[in-house]
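Before any comments, here is the structure.
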Amino acid sequence: MTRIDDTFARLKSQNKKAFVAYIMAGDPDVERSLAVMQGLPGAGVDIIELGLPFTDPMADGPTIQLAGQRALEAGMTLDKTLAMVRAFRATDTTTPIVLMGYYNPIYSRTVEKFLPQATEAGIDGLIIVDLPPEEDAELCIPAQKAGMNFIRLATPTTDAKRLPKVLTNTSGFVYYVSVTGITGAAAAQASEVGPEVARIKRSTDLPVIVGFGINTPEAAQAIASVADGCVVGSAIVKEISTGKPVPEILAFVASLAAGAHSA
4 MTRIDDTFAR
14 LKSQNKKAFV
24 AYIMAGDPDV
34 ERSLAVMQGL
44 PGAGVDIIEL
54 GLPFTDPMAD
64 GPTIQLAGQR
74 ALEAGMTLDK
84 TLAMVRAFRA
94 TDTTTPIVLM
104 GYYNPIYSRT
114 VEKFLPQATE
124 AGIDGLIIVD
134 LPPEEDAELC
144 IPAQKAGMNF
154 IRLATPTTDA
164 KRLPKVLTNT
174 SGFVYYVSVT
184 GITGAAAAQA
194 SEVGPEVARI
204 KRSTDLPVIV
214 GFGINTPEAA
224 QAIASVADGC
234 VVGSAIVKEI
244 STGKPVPEIL
254 AFVASLAAGA
264 HSA
């Protein structure tokens, strides 16, 4: 049982939906990014998705791309991202952290070096958007052997033939991408998401969490009501980009969390 598994078990016992928040590590700098991260659990966040900055974020829309650029320009690296996780873990040993990003930085480090460093830092799961199931031997299976969840994305174009392959070796939860395209590109619609979540749940016992296109408390409630929870990323990153004080950012996050938890 990972922290992710424990969190979903707890939420299920409370009949609550999960609220997952995404931020980019090091955006706009380590100090501010860590301050936001440390405040997320108190704002009602059940699981933290921590973006790993990368120079070619092909699945991300402009908001997340710019966040990655700001982080990289501020000197963010894989080592500094892991150090940020360790700093978070100094005061929080229960909130799950999922590292989300692309394979290149891990490949450059080597899987053999990365996995012990990531588990030691306190990372609980990985979402690597450019590693398909056909490459499971590369990172997915070694990560699970190291005690990490490997979370896969399912999309509106994941048909009945492809879905079993996507679900093979997936653990923790399934991340359903509610819209076709990049992050922050369109609004998620519960009427369209609900049947897709139901379709996925017929093939797995894992929780299904919905992300992309959720930017208000009302949307968080609507989407969480037809799934096991929701993820908000671009809307939070956009708040961070404005330079607002950290308490104001966390108040916005808390409103989103309240929406999801009221589903």
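Basically the working numbering = 1-based index in the sequence shown + 3.
In this text, a Cβ means the ideal position worked out from N, Cα and C, and glycines have one as well.
For clarity, every value in this text was computed on a predicted model and none was experimentally measured.
Given this structure, state the Cα-to-Cα distance separating residue i from residue j, to the nearest angstrom.
i    : j    : result
G3   : A263 : With the chain running from 4 to 266 in the structure shown, residue 3 is simply not present.
R89  : L37  : 10 Å
T219 : A193 : 13 Å
R271 : T160 : Shown here, the chain extends from 4 to 266; a query on residue 271 therefore has no answer.
P167 : V196 : 19 Å
I126 : L102 : 7 Å
V114 : I26  : 24 Å
L75  : A230 : 34 Å
S16  : P108 : 38 Å
T10  : A77  : 33 Å
S198 : V211 : Correcting the residue type first, residue 198 is Pro in the shown sequence and not Ser. Going by the C-alpha atoms only, they are around 12 Å apart.
Ignore the nearest five residues each way along the sequence and tell me which others in residue i's own chain have a CB closer than 6 Å to its CB.
i    : result
Y105 : F57 and D133
A266 : K20, Q224, A227 and S228
N172 : D139 and C143
S181 : A191, V196, V213, F215 and G216
T5   : D127 and N152
One question on the structure: do residue i and residue j come within less than 8 Å of each other, judged by their Cβ atoms?
i    : j    : result
A223 : L259 : yes
I239 : V256 : yes
A191 : V177 : no
I131 : L142 : yes
I154 : L129 : yes
R92  : D30  : no
L81  : A124 : no
T98  : I51  : yes
V234 : V39  : no
V33  : M79  : yes
A12  : G54  : no
I7   : G150 : no
S237 : G64  : yes
When DSSP builds the beta bridges, which residues end up paired with residue i?
i    : result
I50  : V23
R155 : V177
L129 : L102 and F153
C233 : F22 and V213
Closer than 8 Å by C-beta to residue i: which residues in its own chain qualify, once you throw out the five before and the five after it? Chain order, please.
i    : result
A261 : G47 and P220
P136 : C143, R155, K168, V169, T171 and N172
M87  : A28, G29, V33, S36, L37, M40 and L53
Span of the alpha helix (DSSP H) holding residue i?
i    : result
M103 : First-last for M103: I100 to G104, but that is the beta strand (DSSP E), not the alpha helix (DSSP H).
V33  : V33 to G42
F71  : Residue identity check: residue 71 is Gly in the sequence provided, not Phe. Per DSSP, G71 belongs to the alpha helix (DSSP H) from P65 to E76.
I226 : P220 to A227
K15  : R6 to S16
F91  : L81 to R92
Sorted by chain position, which residues of the same chain lie with C-beta nearer than 7 Å to residue i's C-beta, five sequence neighbours on each side aside?
i    : result
G42  : V249 and L253
P145 : V114 and L118
Considering just the uninterrupted stretch of the beta strand (DSSP E) at residue i, what are its terminal residues?
i    : result
I212 : V211 to G214
Using a Cβ-Cβ distance under 8 Å, would residue i count as near chain D?
i    : result
L142 : Any reference to chain D falls outside this structure, which holds one protein chain only.
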